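Visitor: Position one of the sequence shown corresponds to residue 10 (our numbering), numbered consecutively onward.
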Amino acid sequence: MSKPKHPRALKETEAQAVTRNIRVSPTKLNLVAGLIRGKKAQDAVAILTFSKRRISDTMKKTLESAIANGENNHSLDVDRLVVSRVEVGRAMVMKRFQARGRGKAARVEKWFSHLSITVAEANAETAPAEQEAA
């Protein structure tokens with residue numbers, strides 16, 4: 010006997026992709042996430058393609074996965090997708106030490122992060138208004 014299915018947490022016009030345990034601090038990841046919040050999906054891919062940050066490649070893969078999920082699993086129109094939500098969360102912290110002078114040690118923390126990107130299909134009425142405002 011299996012568990013009862015949970016209702017879908019997202020709306021019918023949304024798709025999501027999650028990447029866990031990325032080896033970057035949440036602060037640095039959130040700086041790149043701020044670049045694509047609220048942008049059209051294709052514009053966000055272009056921004057991440059030409060970003061100089063090391064983590065932008067991983068974020069681009071996650072965004073492309075969210076777009077593919079919307080297209081293949083939920084039959085969303087790729088041309089109308091917008092990055093509706095980008096959530097960055099703390100994962101584990103590896104604690105290491107570095108030898109210092111006079112027999113002492115310093116703590117080194119290696120932060121990990123979780124990334125969740127949600128894309129939503131923009132309405133036909135709101136899409137032209139966003140383009141005029143930009």
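Backbone N, C-alpha and C fix where the C-beta goes; we use that ideal spot for every residue, glycine too. Computed from a predicted model, the values in this text were never measured in an experiment.
Which value, in whole angstroms, describes the spacing of the CA atoms of residue 104 and residue 33?
Guide: Whole-angstrom Cα-Cα distance: 14 Å.
Visitor: If you run the structure through DSSP and keep just helix, strand and coil, what is residue 44?
Guide: Of the three classes helix, strand and coil, the one that applies to residue 44 here is helix, per DSSP.
Visitor: Starting from residue 132 and walking both ways along the beta strand (DSSP E), at which residues does that stretch end?
Guide: Taken as a continuous stretch (DSSP letters only), residue 132 belongs to no beta strand (DSSP E), as it is neither H nor E.
Visitor: Does residue 33 come out as helix, strand or coil in the three-state DSSP assignment?
Guide: If DSSP states are grouped into helix, strand and coil, residue 33 belongs with coil.
Visitor: Alpha carbon to alpha carbon, what distance is there between residue 108 and residue 25?
Guide: Whole-angstrom Cα-Cα distance: 43 Å.
Visitor: Could you please give the first and the last residue of the uninterrupted beta strand (DSSP E) stretch that includes residue 93?
Guide: Note, residue 93: beta strand (DSSP E), 90 to 108.
Visitor: Kindly indicate which three-state DSSP category residue 64 falls into: helix, strand or coil?
Guide: If DSSP states are grouped into helix, strand and coil, residue 64 belongs with coil.
Visitor: Helix, strand or coil: how does DSSP classify residue 138 here?
Guide: Residue confidence for residue 138 is low, a pLDDT of 49 falling below 50, so the modelled location carries little weight; the figure read from the coordinates is stated next. Note: residue 138 maps to helix in three-state DSSP.
Visitor: Which of the three DSSP states is assigned to residue 17 in this structure?
Guide: Of the three classes helix, strand and coil, the one that applies to residue 17 here is coil, per DSSP.
Visitor: Please classify residue 22: does DSSP put it in a helix, a strand, or coil?
Guide: The answer is coil: DSSP assigns residue 22 none of H, G, I, E or B.
Visitor: For a test of the three-state rule: what should DSSP assign to residue 124, helix, strand or coil?
Guide: Here residue 124 sits in strand by DSSP.
Visitor: Take every Cβ of the stretch 13 to 32, pair it with every Cβ of the stretch 123 to 131, and state whether three or more of those distances are shorter than 8 Å.
Guide: The stretch 13 to 32 vs the stretch 123 to 131: in contact.
Visitor: Please go through the same chain and pick out, in chain order, the residues whose beta-carbon is closer than 8 Å to the beta-carbon of residue 88, but skip the five residues on each side of it.
Guide: Here the set comprises 51.
Visitor: To the nearest angstrom, how far is it from the Cα of residue 138 to the Cα of residue 131?
Guide: The predicted model places residue 138 with a pLDDT of 49, which falls under 50 and marks its position as unreliable, so this point remains unresolved.
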